[in-house]
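First the structure, in the form of structure tokens, and then the observations on it.
There are 2 protein chains.
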Amino acid sequence: MDKSDTRQRIIEAARRIFLQKGMAGTRMQEIADAAGINKAMLHYYFRSKEQLFKLVFAEAVKEIFPKVEKALAGDLPIREKLLAFVRAYISQIREHPFVPLFVIHELSNRPTEFFMEPEKSGAPQKMLQKLMQEIIHAQQRGEIPDYPPQHLWVNILALSIFPFIARPLIQQLLQMDDKAFERFLEERTAQVARFLDQALRIA
Amino acid sequence: MDKSDTRQRIIEAARRIFLQKGMAGTRMQEIADAAGINKAMLHYYFRSKEQLFKLVFAEAVKEIFPKVEKALAGDLPIREKLLAFVRAYISQIREHPFVPLFVIHELSNRPTEFFMEPEKSGAPQKMLQKLMQEIIHAQQRGEIPDYPPQHLWVNILALSIFPFIARPLIQQLLQMDDKAFERFLEERTAQVARFLDQALRIA
DNA sequence: GTCTATAACATGATAGAC
DNA sequence: GTCTATCATGTTATAGAC
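Protein chains in written order, with my numbering: chain A, 23 to 225; chain B, 23 to 225.
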């Protein structure tokens, strides 16, 4: 078994377990078992648990921070652009449903520097600021209601992400089994789009 | 120092730390320090870490599962009722901002039985089913758009809870410092109400 | 009820043979 | 590169004095 393969298997196993149990809840032994190797190998490829965690975490952050830039980059009208974002973002999260809760949980009680080099102020942030301007301009032209842009943006994020974060809570409250929840998720994109579209109509 | 006082101090310290760091991330030593006693006392009052955790967790669950039944109980028109819920729920979460993320995180990867005696199907669930019926009836009377009730309910929950769960993410993305985020939260109730109100208007 | 001391075990990390 | 064996430390929990 050549080097890169083992290394890759470790990363994948670590990702799976870290995402579900978090840094504090994960045991190196469990990662080793899942990767089909032993603990010593983990420390051979990655010096420490923290280093392995940082690798997994950094990848997860990239997935949760809107890298859905394609949807936001074009010059569509604002309504279509926001709807396109919802579709692209929900689609992406569906492929990695554990990422949002993992990132948010690990982000809590950690200094900013841990997950972001302070040099670059971040591409997603800049793209968002540009979007905020577009929203304001569209509002000035009377194309959408004048919600404060930050609230509008949080609303869109909330509608898109929340079901994946709060799955156990939702299933309990609405008495859905796993199959019912899967159906719910399949409908989700269309339903969020419709709800948002309605909220963006001019009074 | 009489018994109930020490016991209470332990519970409060445990709550504070469990809520922020979760079960796996919490050390009994830290709880003892926060309560101003030593570890042995924790085991004197509560047999084990798990038992202490279950106590804290059960209390938190009661706070996150809509105990805002007053807002849902009356016979207001459906729009007013939903808006009243939003106001009551956000207000309650603001008093315990760490509860939602804590409950959701600990709920993940735990069997249902852990947090809910299977006998009683749960007051919140029944109240919600009743609300679902009210929504359907209001839709049949053409008072609000015919969003599937489950999606509408999740949307309302998402708009209300998400900012508290995703605070670090939001602050990073929107470049808010703590003061800016506090202001954001103060505006939140009104903004969610407005957004929801708009989404509930008849086309 | 409260403390100190310590047992019993789990866990991250390393040494060294192959 | 991979393994076994082991160290060093941390953590839950208990024993026993006061």
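In this text, a Cβ means the ideal position worked out from N, Cα and C, and glycines have one as well.
The structure displayed is predicted, hence computed values, not measured ones.
Exercise. Quick one: complete alpha helix (DSSP H) runs, 4+ long, within the region 112 to 178 of chain B?
Worked result: Counting only runs of 4 or more, we get 121 to 129, 145 to 162.
For this session: State yes or no: is the C-beta of residue 189(B) within less than 9 Å of the C-beta of residue 119(B)?
Result: Going by C-beta atoms, residue 189(B) is nearer than 9 Å to residue 119(B).
For this session: Check distances from the C-beta atoms of the region 76 to 110 of chain A to those of chain B and list, in chain order, the residues that come in under 9 Å.
Result: Listed by position along the chain: 86, 87, 88.
Exercise. Listed in chain order, which residues of the region 108 to 135 of chain A have Cβ atoms closer than 9 Å to some Cβ of chain B?
Worked result: Listed in sequence order: 120, 122, 123, 125, 126, 127, 129, 130, 131, 132, 134.
Exercise. Thinking C-alpha only, which one of 166(B), 199(B), 195(B) is nearest residue 221(B)?
Worked result: When each option's Cα is compared against that of residue 221(B), the closest is 166(B).
Exercise. Which value, in whole angstroms, describes the spacing of the CA atoms of residue 61(B) and residue 50(B)?
Worked result: It is roughly 7 Å from the alpha-carbon of residue 61(B) to the alpha-carbon of residue 50(B).
For this session: Alpha carbon to alpha carbon, how far is residue 64(B) from residue 173(B)? Give it in angstroms, no decimals.
Result: Distance from the CA of residue 173(B) to the CA of residue 64(B), rounded to the nearest whole angstrom, comes to 44 Å.
Problem set entry | Residues near residue 41(B) by beta carbon distance below 6 Å, same chain, minus five either side | Same-chain partners within the cutoff: 120, 124.
Exercise. If we count the other Cβ atoms within 10 Å of its Cβ and call it buried at 16 or more, is residue 44(A) buried or exposed?
Worked result: Around the beta carbon of residue 44(A), 16 or more other beta carbons lie within 10 angstroms, which makes this residue buried.
Exercise. DSSP three-state call for residue 28(A): helix, strand or coil?
Worked result: The three-state secondary structure of residue 28(A), taken from DSSP, is helix.
For this session: State the CB to CB distance for the pair residue 54(B) and residue 39(B), rounded to an integer number of angstroms; the pair is presumed to be in contact (CB under 8 Å).
Result: Approximately 10 Å separates the beta-carbon atoms of residue 54(B) and residue 39(B); this is outside 8 Å, ruling out the contact.
For this session: Please report how far the alpha carbon of residue 35(A) lies from the alpha carbon of residue 127(B), in whole angstroms.
Result: C-alpha separation (whole angstroms): 20 Å.
For this session: Compare the C-alpha of residue 237(A) against each of 163(A), 75(A), 73(A), 69(A) and name the closest.
Result: Because chain A spans 23 through 225 in this model, residue 237(A) falls outside it and cannot be assessed.
Exercise. If you run the structure through DSSP and keep just helix, strand and coil, what is residue 69(B)?
Worked result: In the structure shown, residue 69(B) sits in coil (DSSP, three-state: anything other than H, G, I, E or B).
Exercise. Span of the alpha helix (DSSP H) holding residue 199(B)?
Worked result: Here residue 199(B) belongs to no alpha helix (DSSP H), and DSSP marks it neither H nor E.
Exercise. What do you get for residue 177(A), buried or exposed, if any count of 16 or more other CB atoms within 10 angstroms of its CB means buried?
Worked result: By the beta-carbon neighbour count (other beta carbons within 10 angstroms, threshold 16), residue 177(A) is buried.
Problem set entry | Per-residue burial, residue 180(B) [other beta carbons within 10 Å of its own, 16 or more giving buried] | Within 10 angstroms of the beta-carbon of residue 180(B) lie 16 or more other beta-carbons, which makes it buried.
Exercise. Can you find a C-beta in chain B that's less than 9 Å from the C-beta of residue 43(A)?
Worked result: So yes, residue 43(A) belongs to the interface.
For this session: Drop a sphere of 10 angstroms on the beta-carbon of residue 122(B), count the other beta-carbons inside from all chains shown, and report buried for 16 or more, exposed for fewer.
Result: That one is buried.
Exercise. Which first and last residues belong to the alpha helix (DSSP H) in which residue 92(B) is found?
Worked result: From DSSP, the alpha helix (DSSP H) with residue 92(B) extends over 91 to 95.
Exercise. Counting pairs of Cβ atoms below 8 Å between the region 79 to 97 of chain A and the region 110 to 117 of chain A, do you hit three or more?
Worked result: The region 79 to 97 of chain A, when compared against the region 110 to 117 of chain A, does touch it at the 8 Å Cβ threshold.
For this session: Taking all protein chains shown into account, decide if residue 136(B) is buried (16 or more other Cβ within 10 angstroms of its Cβ) or exposed.
Result: Taking all protein chains shown into account, residue 136(B) has fewer than 16 neighbouring C-beta atoms within 10 Å of its C-beta and is therefore exposed.
For this session: Measuring alpha carbon to alpha carbon, tell me which of 182(A), 208(A), 201(A) ends up nearest residue 86(A).
Result: Residue 86(A) has its Cα closest to that of 182(A), out of 182(A), 208(A), 201(A).
Exercise. Is DSSP giving residue 98(B) helix, strand or coil here?
Worked result: It is coil, neither helix nor strand.
Problem set entry | Amino acids of chain A, ordered along the chain, whose beta-carbon sits closer than 8 Å to that of residue 192(B) | Residues of chain A with a Cβ closer than 8 Å to the Cβ of residue 192(B) are, in chain order, 176, 179.
For this session: Within the same chain, show all residues whose beta-carbon is closer than 8 Å to that of residue 117(B), passing over the 5 residues directly before and after it, in chain order.
Result: Same-chain partners within the cutoff: there are none.
Problem set entry | Whole-angstrom distance between residue 214(B) and residue 129(B), CA atom to CA atom | Going from the Cα of residue 129(B) to the Cα of residue 214(B) covers about 26 Å.
Exercise. What are the boundary residues of the alpha helix (DSSP H) that includes residue 224(B)?
Worked result: Note, residue 224(B): premise wrong, no alpha helix (DSSP H); not H, not E.
Problem set entry | Rounded separation between residue 104(B) and residue 161(B) - CA only | When rounded, the distance between both Cα atoms is 14 Å.
For this session: Can you tell me which of the three DSSP states residue 49(A) falls into?
Result: Of the three classes helix, strand and coil, the one that applies to residue 49(A) here is coil, per DSSP.
Exercise. To which residues of the same chain is residue 233(A) closer than 6 Å at the C-beta, ignoring the five residues directly before and after it?
Worked result: Within the shown structure, residues of chain A are numbered from 23 to 225, placing residue 233(A) beyond reach of any answer.
Exercise. Should residue 58(B) and residue 29(B) be called a contact, given that it needs their Cβ atoms to be closer than 9 Å?
Worked result: Contact: no.
Problem set entry | Reduced DSSP secondary structure (H/G/I, E/B, other) of residue 88(B) | In this structure, residue 88(B) counts as coil in the three-state DSSP scheme.
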